[in-house]
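For the numbering used here, add 132 to where a residue sits in the sequence shown, where the first one is 1. Idealized CB from N, CA, C, for every residue including glycine. Right, one structure below, let's go through it.
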Amino acid sequence: MENTNLNNKVCLITGANSGIGKATARKLADMGAYVIMLCRNEERADAARQDIIEQTGNAGVELLIADLALQHDIRQAAENFTNRFDQLDILINNAGMIGSERTLTAERIELTFAVNHLAPFLLTNLLMESLIAAESARVVTVSSEAHRTATSAFDLKNLQLEVGFSPMKAYGVTKLCNIMFTRELAKRTRGTGITANALHPGMVRTNLTSEAGWLMYLLFTIGKPFMKSPDSGAETPVYLATSEEVEEVTGKYFKNKKQVTPAPITRRDEITEQLWKISSEFTGLD
């Protein structure tokens, strides 16, 4: 897989300035891809971009700046992309966060739900024509085994957890949404050449909890020595983005480069269809 040639392939990765996102961007750049790093903080993103160019010798790495909490920014980023590129071969929805408390975005949407679910949903849909234009595009979405802890909390009428909010519950619900989105996307794109898969990257030393409360941050910090490196965490995203073994696999969930069965609720068509409809309403795509 490391010898895969991605010359002339355009890849867009969200949250690519650190952790799994940066490691994934570096691996794809090393394979020759033209990599677009969609990040929020331009200064940190540019430093990461320079690192990747120096490490890979591939100058085809550029930035796309957007705050994924804001649909306005996502729309602008998608427009900027489509104005410059005719196609998108690989889209990796990697960015994610855990908050410290229930917070609303400027668009009055709960922050974790906005960043972890609505952002990849909206971005993917806005880039659909670019994905279809590619010979065989892949959409890879980073979920988590934490989705299993939130099945009892999942309620289509309480997706923003107006009732019963906790940071980890909100995170788990959005990771469920990632898998449901992937399954429904796969159904809706059959016959287009697009595949869509989700994954659990493992427990990885990242900045995931940088906006979380002090206790969660402390526990995460204590556990870091026992966690995977970002390079190890990037193995499954890169596998799903590049391997011939999965070129016709779609709508599935992976862990350690192996297909595994997610929580049963994620495989209920009536739920995934309703979530898609609700997400379309939230993002103005209905």
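Return the Cβ separation of residue i and residue j in integer angstroms, given the expectation that the two are a contact with Cβ distance under 8 Å.
i: A265; j: D218; result: 6 Å
i: I145; j: F213; result: So it is not a contact: roughly 12 Å between Cβ atoms.
i: G164; j: N226; result: Wrong, their Cβ atoms sit about 20 Å apart, outside the cutoff.
i: L255; j: I184; result: Their Cβ separation, rounded to whole angstroms, is 21 Å, which puts L255 and I184 out of contact at 8 Å.
i: A366; j: K159; result: 6 Å
i: L259; j: L291; result: Actually they do not touch by this definition, with Cβ atoms about 23 Å apart.
i: L263; j: L293; result: The Cβ separation is near 31 Å, so there is no contact.
i: P394; j: T368; result: Their Cβ separation, rounded to whole angstroms, is 14 Å, which puts P394 and T368 out of contact at 8 Å.
i: V381; j: T321; result: That pair is no contact at about 13 Å.
i: D363; j: A155; result: 5 Å
i: F433; j: S411; result: Not covered by the structure: residue 433. The range shown for the chain is 133 to 418.
Residues in the same chain with beta-carbon distance under 7 Å from residue i, minus the five sequence neighbours each way, listed in chain order, please.
i: A238; result: L202
i: S342; result: Model confidence at S342 stands at a pLDDT of 48, short of 50, so the residue's coordinates are unreliable; what they give is reported in the following sentence. No residues qualify anywhere along the chain.
i: Q187; result: R158
i: I354; result: Caution is warranted here: a pLDDT of 41 is assigned to I354, below 50, making its placement in the model unreliable, and the coordinate value is therefore given only provisionally. Around I354: no qualifying Cβ.
i: A246; result: A201, T237
Could you tell me the boundaries of the beta strand (DSSP E) in which residue i lies?
i: A91; result: Residue 91 lies beyond the residue range present for the chain, which begins at 133 and ends at 418; the question has no answer from this structure.
i: R320; result: From DSSP, R320 is part of no beta strand (DSSP E) but of the alpha helix (DSSP H) over 299-320.
i: F386; result: 384-387
i: L144; result: 142-146
i: N225; result: 222-225
i: Q391; result: 390-392
Taking residue i as part of the alpha helix (DSSP H), name the residues at either end of that continuous run.
i: R126; result: A query on residue 126 cannot be resolved here, the shown segment of the chain reaching from 133 to 418 and no further.
i: V370; result: 367-374
i: L407; result: 401-415
i: D205; result: 203-216
CB-CB under 6 Å to residue i, same chain, minus the five flanking residues each way: which ones, in chain order?
i: G228; result: N248
i: Q406; result: L288
i: A330; result: T273, S275, N310, I311, T314, Y385
i: N190; result: A161
i: G383; result: R315, A318
i: K141; result: A165, D221
i: T324; result: I264
i: L417; result: N257
i: E174; result: I197
Only counting the same chain, and skipping five residues up and downstream in sequence, which positions put a Cβ closer than 8 Å to that of residue i?
i: L351; result: At L351 the pLDDT is 45, less than 50, meaning the model places this residue with poor confidence; the figure from the coordinates comes in the next sentence. There are no such residues.
i: T235; result: E242, L243
i: R176; result: N149, S150
i: D199; result: R172, D205
i: T398; result: H279, L308, I311, M312, R315, Y385, T404
i: L250; result: Q203, I241, S411, F414, T415
- Okay, do the stretch 280-297 and the stretch 314-323 touch, 3+ Cβ pairs below 8 Å being the bar? The answer is no - the stretch 314-323 does not touch the stretch 280-297, with fewer than three Cβ pairs under 8 Å.
- Unbroken stretches of the alpha helix (DSSP H), 4 residues or longer, contained in the stretch 161-196: List check, alpha helix (DSSP H) in window: 174-188.
- Message: For a minimum of 3 consecutive residues, which ranges assigned as the beta strand (DSSP E) are wholly contained in the stretch 229-288?
- Response: When DSSP assignments are scanned along the stretch 229-288, the uninterrupted stretches of beta strand (DSSP E) that are 3 or more residues long and fall wholly within it turn out to be 270-274.
- Query: Given 8 Å as the limit, is there contact between the stretch 301-314 and the stretch 366-380, that is, 3 or more CB pairs closer than that?
  - Reply: Of all C-beta pairs linking the stretch 301-314 to the stretch 366-380, fewer than three are shorter than 8 Å, placing the two stretches out of contact.
- Item | Stretch-stretch touch, CB-based, cutoff 8 Å, three pairs: the stretch 159-177 with the stretch 193-210 | The stretch 159-177 makes contact with the stretch 193-210; the number of CB pairs closer than 8 Å reaches 3 or more.
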